[in-house]
Amino acid sequence: MILVQKFAILILCTTHFEGACPTNEPGIKDTSLFATCDNLMRIYFDGVLQFEDEGWPGTDTLQWQRTTELVIPSGTKVLGIECKDLGGDKGIVASTSDGIVTNGKWHCSHNDKLVGWAEPGFEDSAGDFSEALITNGPVASMPNIDKSAQWIWADQAYSWAACKKRLD
1 MILVQKFAIL
11 ILCTTHFEGA
21 CPTNEPGIKD
31 TSLFATCDNL
41 MRIYFDGVLQ
51 FEDEGWPGTD
61 TLQWQRTTEL
71 VIPSGTKVLG
81 IECKDLGGDK
91 GIVASTSDGI
101 VTNGKWHCSH
111 NDKLVGWAEP
121 GFEDSAGDFS
131 EALITNGPVA
141 SMPNIDKSAQ
151 WIWADQAYSW
161 AACKKRLD
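Quick note on numbering: the sequence shown equals residues 1 to 168 in my numbering.
Listed below in structure tokens is the structure:
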């Protein structure tokens, strides 16, 4: 009976809801991302810019007080978040609705000249990325971001960081 149900769902899905069907592709399945950074943020899925704080690189030092929510499309392999700090605390904090949180397992760089750093095929041949450093961030927690997510950064001596997580 279960096999018949799965087959019927697959037929219905492929004939009536093209593009919205379950997939066996590696990478994430549709899920929500909640993120912020101190101060200005850009978010990439597989190297494609999905979000940019208003006025990037700007001077609004309070953008970190807002949590951004995006849907990560099914099949996404790399989640990248870049942040420009304008002074004071530094950090990126994020979580997904399926349990991914920023922590020391993310990889970060302070090299703002890297091209394609958030693309799935990016090879870090120069060793620009290393495990994320845990920071204090400006506050302990943010709305809609999992409480276990940690504020992360690259090298504290720099005012820019790019952090990424492979999802496959």
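Heads up, the beta-carbon is just placed ideally off N, CA and C, and yes, glycines get one too. Given the structure is predicted, the values throughout are model-derived calculations rather than measurements.
- Distances from the alpha-carbon of Ser-109 to those of Ser-141, Val-101 and Phe-129 put Phe-129 closest.
- For the pair Leu-167 and Ile-152, the CB atoms are not nearer than the 8 angstroms cut-off.
- DSSP, reduced to helix, strand and coil, places Trp-160 within a strand of the structure shown.
- Looking from the CA of Thr-36, the closest CA among Gly-47, Trp-64, Lys-147 and Gly-58 belongs to Trp-64.
- Cβ-Cβ distances below 7 angstroms link Pro-143 to Thr-67 in the same chain, with the five nearest sequence neighbours on each side left out; the list follows chain order.
- Here DSSP, grouped into helix, strand and coil, assigns Trp-64 to helix.
- Phe-45 sits close to Leu-79, with the two beta carbons spaced by under 8 angstroms.
- Of the candidates Ala-126, Ala-161, Met-41 and Ser-32, Ser-32 places its Cα closest to the Cα of Ser-95.
- Contact annotation, Asp-30 with Val-71: C-beta distance approximately 6 angstroms; criterion of less than 8 angstroms satisfied.
- The straight-line gap separating the alpha-carbon atoms of Glu-119 and Val-139 is approximately 30 angstroms.
- For Ile-43, the enclosing beta strand (DSSP E) begins and ends at 40-45.
- Distances from the alpha-carbon of Tyr-158 to those of Glu-82, Glu-69 and Ile-100 put Glu-82 closest.
- The alpha-carbon of Gly-116 is positioned some 9 angstroms away from that of Glu-123.
- Exposed is the label assigned to Leu-62, since fewer than 16 other Cβ atoms lie within 10 Å of its Cβ.
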